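Working notes, beginning with the structure itself.
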Amino acid sequence: MVKLRHRIATPHLALLKFETKGMAPFSFPSPSAHPDTLGRSPPPPYPSPWRAINPRRKRSLTNSPTEDAPQVNLARVDTQLNMHQFNNLFEEDAGANGSKDSNSLSSQPILASPYLGNELPAEWSAVGHAAATGKSGRVIHSLQEEVARQKREAALWQSRAEESQRTNETLKFQLQNTTDRLSHLEQVNETNGKLIERKDRKIEDLRAELHTERTKRLDAQGVANETNETMRVERENHHREMARLQEEAKYHENQYEVLFRAMKQDKADLTRRMDALHTQLAQLKETQVSQNEAATRLLTVDDQRQRLVSSLQERHEQMMALHQRYKEIKEQEFQDVLGQARVNGDRIDASLKDLKETEDKMKWVIRMSEVQQGQRGDDNSATGRSLAGTPSS
């Protein structure tokens, strides 16, 4: 409200300041003095220093070297402004200055309106000749033109003051409506604030529960990660063991191939010797026996190698069976952990569902309370009307 009054009073205070410092004082003509000029729109004003009342043009006019405010001194011109009679901005001084303004307006002569199309009579000087033929006549003529211009400016400012008064009334009505709406909105805001506080407390509780469930889920995830890491380490160890066993198997296979090639070579040599030395069989019998014994030893070694390879294969199959069993056990443990995580997820979903149901119930309760308040207000209004109708009857 203070800012609005300040905005309304600023142009009028600027007008008073400009009239006091930069120009001669003048008085507005009364509405009765010029009845014809109030009903029609005034003509565009002449370029004059009174336009400096607009703050946006004041600087440009004061800095212009070509436009200077005319200094006109009139002997019989009232020095008090009567703008407060039209815009109600200076109502405190209305009682003190009302009679003085009326006297000053009544004491002024009624001049012809500058807005009418009638021509002014010829101006005459004090010595009896025309004003246009002498210096004193020109001075009087210029003063009369200045007075007419000031009257036109006064009529213009009067219309502006009336427009300001209408604007002030409209703004007062708008300000009252805005104040009522503001008080209503403050009450609504206070009610909504209390509801929001209760909802915030409920949300904080649910957030705490959700944080607990998330912590449990993270713990389960950590256990699952540790299990996966253990499985990975065991898998790497198993792979290393399998690689070592495969290297040993390859080594024994190479030895077997070497021995098998040696045995084949020995058999070929024996066959060639038997074919070449068939006639010397008796002499070479002992040698043949020794060769047979050597072959027997080689066969024994080969048999031993075969049994070793079969035992290694059995061990490999046992290791694979153990690995498969270990893998099944770990998979079962991992599935148990995942099942627990799913159960926790279902609990979280159930908590969120309960939260949604609670929120819907709160909204329903709020709507029911609003409906009850509306019904209570209707009952009160009906009761008031019935009470008001009882005395009249």
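In the UniProt record's numbering, the protein residues as written are 1 to 393.
Note that CB positions come from ideal geometry on N, CA and C, so glycine has one too.
These numbers come from a predicted model, not from an experiment.
{"query": "Boundaries (first-last residue) of the alpha helix (DSSP H) holding H278", "result": "From DSSP, H278 is part of no alpha helix (DSSP H); its letter is neither H nor E."}
{"query": "Where N118 falls: helix, strand or coil (DSSP)", "result": "Because the pLDDT of N118 is 42, which lies under 50, any placement of that residue in the model is unreliable, and the number read from its coordinates should be weighed accordingly. In this structure, N118 counts as coil in the three-state DSSP scheme."}
{"query": "When L259, M319, V233, E236 are compared against R297, the one with the closest alpha-carbon", "result": "L259"}
{"query": "Own chain, CB closer than 8 angstroms to Q375, minus 5 neighbours either side, in chain order", "result": "none"}
{"query": "Cβ shell of E213 (< 8 angstroms), same chain only, five flanking positions each side left out", "result": "N344, R347, I348, S351"}
{"query": "Three-way DSSP call (helix, strand, coil) for Q176 in this model", "result": "helix"}
{"query": "DSSP state of Q283 mapped onto helix, strand, coil", "result": "coil"}
{"query": "Proximity winner among E253, V371, I329, A341, relative to D219 (alpha-carbon distances)", "result": "A341"}
{"query": "The stretch 238-252 / the stretch 312-323 touching (three or more Cβ pairs under 8 angstroms)", "result": "yes"}
{"query": "Closest Cα partner of T355 within the set V147, D200, L270, E190", "result": "According to the sequence shown, residue 355 is Leu rather than Thr. Among V147, D200, L270, E190, the Cα nearest to that of L355 belongs to D200."}
{"query": "Burial state of R152 (16 or more Cβ within 10 Å)", "result": "buried"}
{"query": "Spatial neighbours of H316 in its chain, beta-carbon cut-off 7 angstroms, leaving aside the 5 residues before and after", "result": "L245"}
{"query": "Length of the line joining the Cα atoms of I140 and R149", "result": "14 angstroms"}
{"query": "Pair within 8 angstroms by beta-carbon distance, V309 and H252", "result": "yes"}
{"query": "Exposure of A155, with buried meaning 16 or more beta-carbon neighbours within 10 Å", "result": "buried"}
{"query": "Beta-carbon proximity check, L270 vs Q291, cutoff 8 angstroms", "result": "yes"}
{"query": "Rounded C-alpha distance that separates G339 from A224", "result": "11 angstroms"}
{"query": "Test item: CB-CB of I366 and L210 under 8 angstroms", "result": "no"}
{"query": "Nearest-angstrom Cα separation, counted from E190 out to R181", "result": "14 angstroms"}
{"query": "Own chain partners of Q304 with C-beta closer than 6 angstroms, once the 5 adjacent residues on each side are dropped", "result": "none"}
{"query": "W364 burial status per 10 Å Cβ neighbour count (16 or more: buried)", "result": "exposed"}
{"query": "Nearest-angstrom Cβ-Cβ length linking A249 and L312, presumed shorter than 8 angstroms", "result": "6 angstroms"}
{"query": "Beta carbon proximity, R166 to chain B, threshold 8 angstroms", "result": "Protein chains in the displayed structure number just one, and chain B is not present."}
{"query": "Contacts around R56, its chain only, beta-carbon distance under 8 angstroms, and the 5 residues preceding and following it disregarded", "result": "For R56, the pLDDT reaches just 44, beneath the cut-off of 50, and the residue's location in the model is therefore unreliable, although a value from the coordinates is still provided. Closer than 8 angstroms at Cβ, skipping near neighbours: no residue."}
{"query": "Close-in-space but distant-in-sequence residues of the same chain around residue 401 (CB under 7 angstroms, 5 per side omitted)", "result": "Residue 401 falls outside the range modelled here, since the chain spans only 1 to 393, and no answer is possible."}
{"query": "S164 classed as buried or exposed, judged by whether at least 16 other C-beta atoms fall within 10 angstroms", "result": "buried"}
{"query": "G137 classed as buried or exposed, judged by whether at least 16 other C-beta atoms fall within 10 angstroms", "result": "buried"}
{"query": "Top-ranked residue by Cα proximity to E359, from R198, V371, D275, L281", "result": "R198"}
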